[in-house]
Structures are given as C-alpha cells and as structure tokens.
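In the order they appear, the protein sequences are chains A and B. In this text, residue positions in the first sequence follow my numbering: the first is 1, and each later residue adds one. In this text, residue positions in the second sequence follow my numbering: the first is 1001, and each later residue adds one. Glycine residues also receive a C-beta, built at the ideal position from the N, C-alpha and C atoms. Please read these numbers as outputs of a predicted model, since none were measured by experiment. This report refers to the structure that appears directly beneath it.
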Amino acid sequence: MSLRTRIATRWRALVARAREEQELDEELHFHLEMEMAARLRAGMTPAAARRTALRDFGGLERYKEECRDARGVSLLDAGVADLRGAWRSLRNSPAFTSVVVLTLALGIGATTAIFTVVNAVLLRPLPYAEAGRLVMLWENDRNSGTTREPASVPDYFDFRTRTHVFSHLAALQPRPLSFTPSAPGADAVQLNGAAVTHGFLATLGVSPRLGRSFRPDEDVPGAPAVALISERLWHSRFTSAPDIIGRSIVLGDSTRTVIGVLPDGIELPGMPPGFASLQRDVDVWVPLAATPVSSPRENHTIVVVGRLRDGVSPAAAQRELAALAATLEVEHPRENRARGVFVEPLPASLVRGIRPALAVLLAASALVLLIACANAANLLLARAVTRRREVAVRLALGAGMRRLAQQLFAEGLLLSMAAATLGVGIAALGLRALLALAPASIPRLAHVAIDPRVLGMALGIAVLVSMTFGLLPLVMARRLDVQDALRSAGGRGGSAAPAQQRFRNALVVAEVALSVVLVIGAGLLIRSVWSLRGVDPGFQAAGLLRLQYQLPASRYPQSMATFPHWPRLSAFHQELIRRVEAMPGVESASVSANDPLEAGFTNSFLIVGREAEAEHQAEIYIRSVSPSYFRTAGVALRRGRLLSDQDDASAPAVLLINEAGARKYFPHGDAVGQQLRFWGQARRIVGVVADEKFEGPGAETPPAVYPPLWQVPLPAVSLLVRTRSDPMGVLPQVRAVTRDLDPQVALYGVTTMDDALSQSIGKQRFTMRLLGAFAMLALLLAMIGVHGTLSYAVTQRSREMGIRMALGAQRSAVHFMILRQGMLLSLLGIAAGVVGALAATRLLRSLLYGLTATDFVTYVAVSTIIAVVSALASVLPARRATGIDPAVTLRAE
Amino acid sequence: MATSNADVLQGTLDLLILKALSLEPMHGWGVAQRIQQISRAVLQVNQGSLYPALRRLEDRGWIAAKWGTSENNRRARYYRLTSTGRAQLQQETESWERFMLAVQRVLRAQPV
C-alpha cells in the first residue's frame, strides 16, 4: 500500500470513525441474521437458532475490536477512545471526580509551592564559577564561644601572605553611602554599599557587565576615587546610559568615577550581624584601600572570602588556617588571645539558619501530598469496588483485559492531569501567599518563580499517581471472579471483599495518623510563637519609630586622634534630638549605636582590679546611647542612676551595665561603682538597667554596657522617636527637620519597633502559619477520608442494616454501629499519629521556644480535637444509615 | 507491505477468501458459506476471524467493498476482488501449491 493510500485509510478511519463503527456493527448483525435464518431453515426454533448463532459466533465486541485492530489504526484510536470513555465515566460521577481532583490538586499545589521555595533558596546554585571552591574565613573566639566573627585587617593580610591554599582572597565590609542625585532638589538616598579589596570580583569569579574591575593601584590609600555600580542602580538612576563609564557621581562625601557596572545577583549569604547588608542587593562597591597597618588588630571589621586552589579541600584549608591562627595567638597575645579561624564553604553558609524551617515545611508538604494520594486511592478503590459489576459485564462480553486496564489507566491519567493542572494553579497562588508571608530573613526569595524543574516535579507526581490508580483497579479486576460478581450483583448489593475493606481502612488510619503528626507539629509551633510573643523584650515597642542615618567624615570630623571629642558630630545628634522632641505628638527622642533589637558590636574589656580574669572573659556588647535612650526606648533602671547630659566628653567616663552583665561579672550585687576598661580608658559603672532582648526574644540577653554617646561617639546611628499615637505620623516632620539640618544626610531603615519585633520572630511565625495551613489541609483531607469510607460502608451495608432494622434493631443501635466504626479508625489513627509525632517533631526542635517537642498539653489537645472532629465526620454517614428504610432497601435487591 | 508467512492459518484464510471472491462478489456471510460449501464442509471458517480478515484484505487493497442489497432485501456489504487482488490470488495460489507439493514429497519419502 502506498503512503498516500495509507494516509488516506488512516484519515478515513479517524474522520469517519463513527460511520465505520456503525457499518461494522451493521455488517456483523447482518451476518448473525443470515446465520439465524439458515438455522431456522434447518429446523431450529427461533430461540435455539439465536442462541447457537450467538454462541458459535463468539464475543461480538471482541471481533469488533479485532476488526479495528486489523485496520491498523487501533493504537491511536484506542487511546482516544479510552480517554473519551474515561471522560464519560468521570463526568457521570461529578462528586467523585471533583473530590479526587481537588484532593490531589491541593496536595500537588502545596508540594509544588514549597518545592519552588526550597528550589530557590536551597537548590539554586550561587551565580559564581566553581562556587564549590569558595569559602568564608571566619574568626572565632574560644572565650565567647562564637563561631563566625569578622576578621581584622592585619589578620587578613597574614592570611594572604602566610598561607598557600587560596588562589584568591578578598576582604570586604559594609559601606553604606549616601548618593546625591545630580537633579536639583532631589533628596539624598542611602545606598547599600560595600568596600572591597581589589581582588573581590576575581575571587568570586564575576566579571563586570560594563567597564572593568578595580586595579590593585586603585586599592591603596590616596588612590583616585573610583566606584563600581550595580546593574540595578544603573537602570534605576542612570537610565541605563551607555556612557556611564567614566562619569563622576557624588557618593557620601566624595566624588567618584564610575569604572564599571556589575551584574545583579551577587550575593554572600550567611553574614553575621552588622554585615547583613552585604548578603545581597549591594548597589555600589568602592575600594577598601586597606594596608596591614590601616586598622588595629583588635578591630574585627571585615569579612574574608577565599577561593581555594584547585584540588584543595576545605578541610585542608581549615588545617592550614588553624595552624596560622595558633601562630598569630603567640605573636599577638593581646589581640589574638583565644582566637581561631573557621573555614566555611560558601554554599553551606547559604542556608544556615533557614534550613530547619524549610526542611520542616518540605516534609509537611510531602505529608499533605501523601494524605491526598491516600485519599484519592481510597476513593478510586471504593469506586472500583462498586464498578465490579460493570467490569464483570464487560469481561463477559469479551472485552480484553488489556483494554480494560488501558481504560482504567486512562481514567487515572485524566484525573491526575486535571489535578496537576489545577495543582500548578494552586501552587502559583500558594507561592504568592508564601512570598507575602515570608520574613525578610529568608534569603534569595526575590526571584522565585515556578520553574520548569518544579513543574516537571508536579507532572511527575501526577504520572506516578495515575500509574498507581491504573494499577489498583487492575489488580482487583484480575482477582475478579466474573461469575461471582455477576451472580451477587442484584444491584450494588455485593459487599467488598474483606481484604479490600481492610486495605481501605488501613488507608484511612494512615491518613488520620499523618494528619495528627502535622497538627501536633503545628500545635507545637503555635504554642512556641505564643510564648515568644509573651516574652518581655525589655523595652516598650508600641509607639516607637526607628530611623537610621550616617554622618560623613568630611563635614563631621571623626579623627581617632581627637576621640572622643567630635564636637560637630555630637552637635548634630544633639540638635536633631532637640528638634524632634519639640515636635507635637513626640514624647522623647534618642540617638544610639543600635536600636533595642540590634545586637551591635562587642569588644574585649578589663574589670579594673581583676585584670587577671580578662584572659577568659568573653567580649562584651557596647551599646553607645544618648542619655534620652532609656526614657525613649522604655528600658527600666534597676539600680544606681541613668546617664545624663552632663556625662559628656569632658566629664569623667561612665557607663551603665545591663542585668545580665551585672549578674555575670558582679554576682554580689556590687556592680555600681566598679570600673571597666576598654578603648584605653577606665569607665565607672553608675547604674544597672533591664535586659533588652537584642539577640531576639528567644535568646538569652548577653552582657552589655551602655556608655554615653558623647563619650563614645559614632557616625552611623539609629534615631528612636517615642510618639503618643501613630509612630509613622511624625515621619514627614522628622524628614523635614533632618533635611533642614543637612540636606545631604539620608534617612533610611525606617520602621516601627512593633514591626521590627514581629520581624524578629518572623521565621517562627512564617513556619507556624504554613505548618498551620498544612495541618488544616491535612485534617480536612483525613476527615474527607473518614467520611468517605463510612459513607461507602453505609452504602455497602444498607441491605444488612435494612434487615437489622426490619428485625427490630433500634435506630440508635445502627447509628452507634457506624459511629463506632468511624471512631475506631480515628482512634487507631490518632494512636499511630502520636507515635509518629514523637519521632517526627524532633525536626522541629530548633524552632521551638518554651516547650519541648514532646509537650504533653499539645499532644493531648490535638488528640482530643481530632477525636472530636472525626466523630463529627462520622455523624453524617451514621445518620444516613439510620435513615435507611428497610422496605426500600430490601425491595431494591 | 510485507506479508508474514509465519501465520499459515491466517494466510490460508486470506487465500480462501480471495478465491471465493474471485468467483463472484458477495457479502461476508456468503464468503463463509461458499468456502464451507466448496470444501464440502471440511473447512469451517471461524466466523469471528472472517471480518477482521476482510478488513485486512480491504486495507491492503486486494478486495473492495460497497453496500448493496442482499437476496432477502437487506442492506449488506458486498466485497469484490480488485486487480491487485487477482494478481495476489495468482501468486498465493502458486506458492500454496509449491508448499503442498513440498509437503507431499516429504510425506511420501521412502527409506533409502
């Protein structure tokens, strides 16, 4: 047959399929008729003629099938026919179809949304060449027990010159810079900046989009001022002008020449407090211009990133750096006492901190998917049982086992494809909700989108599920005794085989158990977040506004030679406080190194008279504040006195200590009057103040001291404003006052402390909300499972119950029988779930606060709730059972 | 399209159908009756495999079908041999005879 005829045949077969089908039918019937007529002529009775003709002919359906096969169009045809058959069959039971599709879609949607986030945060690689060779070089302090501290500049130069494991090494530090747009009247904006050594880009393996990187001769003190800007800034502030290279821009207090544009997406995850701005979205880079003597060895001001030489493992680098650190301890006993080095692969630092929460959510979404699949399997199984008669009839009529399996498979495929489509839609919505809820502390969420990999996963789940669905009824059909099924099937009266019923019950028990695990996990987190919210943060957050600003050294001299006499700097702070406090609606204002929730920096110190102890003392937090700070932030005085405006640069050096510090270093309550020495000066403790939870509400407050800002002045500070009503209401006035004082000073980091407080437990709240949503979903699905199984059992046993009631059984007894079955399944599920939760909630441990993962109250409460809910889910089917009219049921048989 | 020789029975049925149709066009039931009648009821056509075979032969272009009216005034599908079918019948008949001859020779072989 030529290609043309072949195509024509197929075309005909496809287009005229219906006609062809009908012709075939007619032809076969004609044959049967002729056959019967012949037998009648031979003397048979009409009935016998018909019976024998049919018998001799064999299964009509199968021959039609074979005729179609002979056409050579069967495969495609059969596929289409299967799908159409499946569609018809699903359309005939809309309730079943919608519940299965919705159930699966919710499971797929939840898993896809979470997987999308996990993919973006954990799996998407860093945008650097051979990122596996990149490491962070942290210093650590055995006295404080810290593991990831910034390094000092001299240490960095020692790392550079005295090790052999790195091909590149670079240092950087945050350098926020105000940028004054050239347009007249435009407000100065604060840019997220970084000061870097010239090898920074080579270390990361990043090339500029335009222009070039820093040259070594630009990274020395006194070199011409240059800068690199981000692509983002180039687009937003410079209209993507191609002649940006070589332009001069005003950054902070100097004019710099732009030498290049860097691609967006440079990120350094896992930065310590105070360095967080380096993690991502840096807009401007300037040379650090450091020398081995430009900064003292005790000042830990830079983070160090290195690229390992090819073939050098992080462990080998760790060994070499540890040896060097030990040498430095000997060489610099004062500055480097108890200091070590920790080499951490950059990819590992990517997800530190957020990994436990994401792992919990991923596990939770997998559980939801599992419950959804169990539910769908359960429903399909129930349907397969009720369809035994249909299957039996079709087999008896000669339908091939393979075709039957194909059609069941097609049904599963159709269901799961519908579920996958809907599921991806749900995932997109869920993802949007997720991003809206996600705290800022989760890195790399900016560019999350459902990517092909995630979509592939959703489809994979769908196909897997459809295969399972295809197989379950097939297994049953194979076991099916046609005769038996037909005989017992006076209607749908035949009850399911005990093995199937047991399997379905097991599925429901598993569903309940899994949902118990999820609900207990959510319960634990909810209780944790409650306890966290109940923690006294040590300050009054309500009505408190925070802003940040920085004073450039050019106009506000800050020479170390005259420290702490920086009159212009202190005058600005004082004048700003005075003017803000004069505003209506403002109770007080203060300027401080940190806001009450910021940890700030630490320094080593001596207790005068107890110098020998210093060797084993951890560093102490130094929180420089204006005297109005305690009134403004609402930090209570415990003993002694607060700071006053008289404690200025020329007065005797004083400070306050927090209760944690007083307790630790002066356990006999004699802190007031003692002297601490740091930065070359002894400072007398004049008072003890309450502990601010500046490391987060879940953490113990570490020891801290509060020197007056006039004695320890700082250029980069937080302005706190206590208002009588809405904190944001005074913002325009504060901006106006600042502009009035100095138009080039940019205000940034504006937030209410209420918001900041919520943000500080953002991770727990995010995890709690999501896990809560998953738990609700799981519970709902499990209850659909309980309800569905019981309803089905009622339908299956309606005859039995009709007989029972006809024989005089009380309605209440029947009611109780169904309820008991439901409760039995639920209680088994709850018991299994509690055991599972005891094992699974260990994953949650790092997210809990104020209770353990085996919290008795949560377990009891959740078990009770689920028992009650499943009783409710059992009531409806039970009521249906009692509504059975014996006469009707028995007549139906 | 290559014809498989492996399925002797199927090939035989095809040959018989072609031969029957070479006598005159007829409908499916007629083909079965005719084969039965000529073979003096030795060859019973499995009626269920008849129609798939007819469809197959039609697909190969050896026979053609059209609707007509039967002896008892019913609409029936009549098949006739096409010219390619006639050539095919010729060829198949020869190869069948060769095959039969070969089998006969083997069966009549004497010990040497």
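Interface residues of the segment 1081-1094 of chain B facing chain A [CB-CB below 7 Å]
none
Going along chain A, which residues have a C-beta under 8 Å from B:R1040?
The premise fails here: B:R1040 is roughly 17 Å from chain A at the closest Cβ pair, so nothing lies under 8 Å.
According to DSSP, is A:K693 helix, strand or coil?
coil
Does B:G1127 have its Cβ less than 8 Å from a Cβ in chain A?
With chain B covering only 1001 through 1112, there is no way to say anything about residue 1127 of chain B.
Which of helix, strand or coil DSSP assigns to A:A225
coil
Taking the alpha carbon of A:I371 as the point to measure from, which residue in A:V100, A:A171 and A:Q550 has its own alpha carbon closest?
A:V100
Return the chain-ordered list of same chain residues with a C-beta closer than 8 Å to the C-beta of A:P439, the five sequence neighbours on each side being excluded.
Q759, G762, K763, R765 and F766
Note down, in chain order, all residues in the segment 766-800 of chain A with a beta-carbon under 7 Å from any beta-carbon belonging to chain B.
none
Going by DSSP, what residue range makes up the beta strand (DSSP E) through A:D141?
L134 to D141
Does any residue of chain C bring its CB to less than 8 Å from the CB of A:M34?
Judged by its chain identifiers, the structure shown contains no chain C, and its protein chains are A and B.
Contacts of A:E21 in chain B (Cβ-Cβ under 9 Å):
Neighbours of A:E21 on chain B: none; closest Cβ ~12 Å, over 9 Å.
Under a CB-based cut-off of 8 Å, is B:Y1051 close to chain A?
yes
Identify every run of the alpha helix (DSSP H) within the segment 673-751 of chain A, keeping only runs that are complete inside it and at least 4 residues long; order them along the chain.
731-741
Using a cut-off of 8 Å between C-beta atoms, extract the partners of B:R1074 located in chain A.
F30 and E33
Could you tell me whether the segment 573-580 of chain A touches the segment 733-750 of chain A, using the rule of 3 or more Cβ pairs below 8 Å?
yes
Assign A:L747 to buried or exposed, taking buried as 16 or more other Cβ atoms, counted over all protein chains shown, within 10 Å of its Cβ.
buried
Contact criterion: CB-CB distance below 8 Å. Does A:F96 meet it with respect to chain B?
no
Under the three-state DSSP convention, the category A:R880 falls into
helix
What is the rounded straight-line gap between the Cα of A:G85 and the Cα of A:Q407?
7 Å
DSSP bridge partner residues for A:E969 (one or two, in chain order)
An answer regarding residue 969 of chain A cannot be provided, because it is not within the stretch 1 to 893 covered by chain A.
Can you give me the Cβ contacts of A:P292 inside the same chain, cut-off strictly under 6 Å, excluding the 5 residues immediately before and after it?
P154 and F157
Since B:R1034 meets chain A, which of its residues come closer than 7 Å, beta carbon to beta carbon?
Those do not exist, as B:R1034 stays about 13 Å from chain A at its closest Cβ, beyond 7 Å.
How close, in whole Å, do the beta carbons of A:L210 and A:G252 come, if the pair is a contact with beta carbons under 8 Å?
Actually they do not touch by this definition, with Cβ atoms about 23 Å apart.
Apply the 10 Å Cβ neighbour rule to A:H221 and answer buried if 16 or more other Cβ atoms are within range, or exposed otherwise.
For clarity, residue 221 of chain A is Pro in the given sequence; the question names His instead. That one is exposed.
Could you tell me whether the Cβ of B:W1029 comes closer than 8 Å to any Cβ of chain A?
yes
Does the count of Cβ pairs from the segment 685-692 of chain A and the segment 560-574 of chain A closer than 8 Å reach three?
no
Assuming A:A542 and A:L104 are in contact, meaning their beta carbons sit under 8 Å apart, how far apart are those beta carbons, in whole angstroms?
About 46 Å; that fails the 8 Å criterion.
What is the DSSP secondary structure of B:L1101, counted as helix, strand or coil?
helix
Could you tell me the alpha carbon to alpha carbon distance between A:S725 and A:S626, rounded to whole angstroms?
23 Å
Considering Cα atoms alone, identify which of A:I426, A:D645, A:A81 and A:A317 is closest to A:H168.
A:A317
Based on the DSSP secondary-structure assignment, which residues constitute the bridge partners of A:W285?
A:A194 and A:L228
Any chance the segment 307-317 of chain A sits against the segment 102-118 of chain A, with 3 or more Cβ pairs inside 8 Å?
no
Could you pull the DSSP bridge partners for B:Y1078 from this structure?
B:H1027 and B:K1066
Outcome for A:P537 when other beta-carbon atoms lying within 10 angstroms are tallied against a minimum of 16
buried
In terms of residue numbering, what span does the beta strand (DSSP E) encompassing A:Q646 cover?
Run containing A:Q646: none; DSSP gives neither H nor E here.
Per DSSP, the bridge partner or partners of A:V305:
A:M136 and A:A170
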